[in-house]
Amino acid sequence: MGRITVLFCFLLCLVGNHLWAGTITVCGSCEVKTIKQGIAVAADFDTLLIKKGTYKEFNIQVTKPLTIIGENYPVIDGEDNGEIITVVSNNVTIDGLFIINVGTSYTADYAAIRVVQSENFLIQNVVLEKLFFGIYLEKSKNGRVYHNKIIGDAVDEYNSGNGIQLWYSQNIVVERNIVQHVRDGIYLEFSDNITIENNISSDNLRYGLHFMFSNDDIYKDNTFENNGAGVAVMFSKRIKMLGNTFKKNWGTTSFGVLLKEINDAEITGNTFEENTVGISIEGSNRINYSKNNFIKNGWAIKVRGACYSNTFNHNNFMYNSFDLAYNSNLNDNIFEENYWSDYTGYDLDRNGTGDIPYRPVKLFSYIVNRTPETIILLRSLFMDIIDFSEKVSPVFTPDELVDAKPLMKKIK
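Mapped onto mature numbering (1 follows the signal peptide of the UniProt record, and there is no 0), the consecutive letters of the sequence shown carry residue numbers -21 to -1, 1 to 391.
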């Protein structure tokens, strides 16, 4: 009997806070009229139920484990005074709020919701408008940012912030968010083991996604469309980019994805469609590119240098102005069993691969890289003649850069 009593007391202590948690209602006609007042009177693990209405508050400090739920999307209006909600406690949930009018500053990164050195948090079903920074995670871990809508009104990069920002954070899931009209849609720095999945990041001033010094992250089934310069991936290791769509990122210096100093990564099953450059690669090694679709880009791939031991196989290169640009006459990368819409060879033994190797680097692409003005000759007879001459006797393009087994049919 004694052992049973001890076990019961242990379990009661373990879950006691949750068992005794209550609900505090916040509304204009309630006893508790403001969110700050509700947090002040709440006990650990209580729920704040915020009724529909407008609450003109900012600098709301969540200093204890709470669940803050909005009913019918109450409006939290910061009136441009500064940061609106700052979470500095573990075990906090924020759900169903409409937050507007974050203050703008040139010395502080004011956010609609900031999470600082906290664990086990959930931010979901939140709508953010008229913001500086949207959701800012700082030195936090084991959390989830789910199903939020972040709509900024950014005009210039220098006075706008990012939609979702992670800084020195780990083990975070960012899923099913919509981010538009901010500087960078999603930004990561020094953040490892992050999963970014099923988000739509579009119409942002600079990048749909931008991350640096962040390792072992997974980006899956996201859409990055019509951003200033697509997605920038820099100084990171062991990245997986799977099933994403990079579309209509146009501009003189734009691209679907920029890879700079990326090593030991996997880029599989993505679609790069109607970008100035599908993928721009520099100083990136040991990356496997497979089952990607490159469709109607200016350049499908631009390799700018110092890229070694990369493998490109089972990709579709369809109707790009240039499939591949290469700024060196040496090649240490493998291109094999890709489909090239420009391939004009034959398959006499009908094994599904062409009998003549395909040379994806055209001399005209080499010329345009060095003299951009010559792009006006694209699709001219002159271009066809010089490309044919280089194909017959390669001089400027890498002699060994060929797909020895080009596929006759596109990969489904």
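We put the CB at the ideal spot given by N, CA and C, even for glycine.
query                                                                                                                                                                                       : result
Around the C-beta of ARG93, are 16 or more other C-beta atoms found within 10 angstroms, so that it is buried, or is it exposed?                                                            : buried
Return helix, strand or coil for ALA19, following the three-state DSSP convention.                                                                                                          : helix
Going by the CB atoms, is the gap between LEU101 and GLY122 shorter than 8 angstroms?                                                                                                       : yes
If we count the other Cβ atoms within 10 Å of its Cβ and call it buried at 16 or more, is ARG329 buried or exposed?                                                                         : exposed
Restricting to runs no shorter than 3 residues, where is the beta strand (DSSP E) found entirely within the segment 119 to 178?                                                             : 120 to 125, 128 to 130, 143 to 146, 149 to 154, 157 to 159, 165 to 168 and 171 to 176
Measuring only the C-alpha atoms, how far is GLU136 from ARG185?                                                                                                                            : 8 angstroms
Using only the alpha-carbon positions, how far apart do GLY226 and VAL95 sit?                                                                                                               : In the sequence as presented, Gly is not what sits at residue 226; that position holds Lys. About 34 angstroms.
Figure out for me which residue from SER148, LEU116 and PRO336 has the closest Cα to the Cα of GLY142.                                                                                      : LEU116
Which residues bound the beta strand (DSSP E) around GLU117?                                                                                                                                : 112 to 117
Does the structure place the segment 223 to 243 close enough to the segment 294 to 308 that three or more beta carbon pairs sit under 8 angstroms?                                          : no
Could you check how far apart the C-beta atoms of THR46 and SER68 are, in whole angstroms? I think they sit under 8 angstroms.                                                              : So it is not a contact: roughly 12 angstroms between Cβ atoms.
Output the distance between the C-alpha atoms of ASN267 and ASN292, rounded to the nearest integer angstrom.                                                                                : 8 angstroms
Under DSSP, the beta strand (DSSP E) around SER215 begins and ends at which residues?                                                                                                       : 210 to 216
With distances taken between CB atoms, is the gap from SER193 to GLY187 smaller than 8 angstroms?                                                                                           : no
For residue 399, does the three-state DSSP call read helix, strand or coil?                                                                                                                 : Outside the shown range of the chain (-21 to 391) lies residue 399, about which nothing can therefore be said.
Should LYS35 and PRO53 be called a contact, given that it needs their Cβ atoms to be closer than 8 angstroms?                                                                               : no
Can you tell me whether GLU10 is buried or exposed? The criterion is at least 16 other CB atoms within 10 Å of its CB, across all chains shown.                                             : exposed
Grab me the residues of THR4's own chain with a C-beta within less than 6 angstroms of its C-beta, minus the 5 sequence neighbours each way, in chain order.                                : LEU28
Out of ILE280, ASN271 and LYS275, point me to the one whose CA is closest to GLU261's CA.                                                                                                   : ILE280
In whole angstroms, give me the CA-to-CA distance for LEU221 and ASN206.                                                                                                                    : 19 angstroms
If distances are taken between C-alpha atoms only, which option among ASN127, SER269 and ILE157 comes closest to GLU316?                                                                    : SER269
Leaving out five residues before and five after GLU352 in sequence, what residues of the same chain have Cβ atoms less than 8 angstroms from its Cβ?                                        : Its pLDDT being 47, under 50, GLU352 is placed unreliably in this model, and the coordinates cannot settle the point.
Please name the residue or residues paired with LEU386 in a DSSP beta bridge.                                                                                                               : TYR318 and THR332
Once you ignore the five residues that flank ASP326 on each side, which residues in its own chain have a CB closer than 7 angstroms to its CB?                                              : THR332, GLY333, ASP334 and MET387
From which residue to which residue does the beta strand (DSSP E) around ASP74 run?                                                                                                         : 72 to 74
Candidates ASP382, PHE314, TYR305 and ASN271: which alpha carbon is nearest LYS391's?                                                                                                       : ASN271
Any Cβ of chain D within less than 8 angstroms of the Cβ of GLY207?                                                                                                                         : The structure shown contains no chain D; it is built from a single protein chain.
Might you give, ordered along the chain, the residues of its own chain that have their beta carbon closer than 6 angstroms to the beta carbon of GLU98, omitting 5 neighbours on each side? : ASN69, LYS120 and ASN121
Could you tell me which of VAL210, ASP196, PHE234 and TRP146 sits nearest to LYS219, measuring between CA atoms?                                                                            : ASP196
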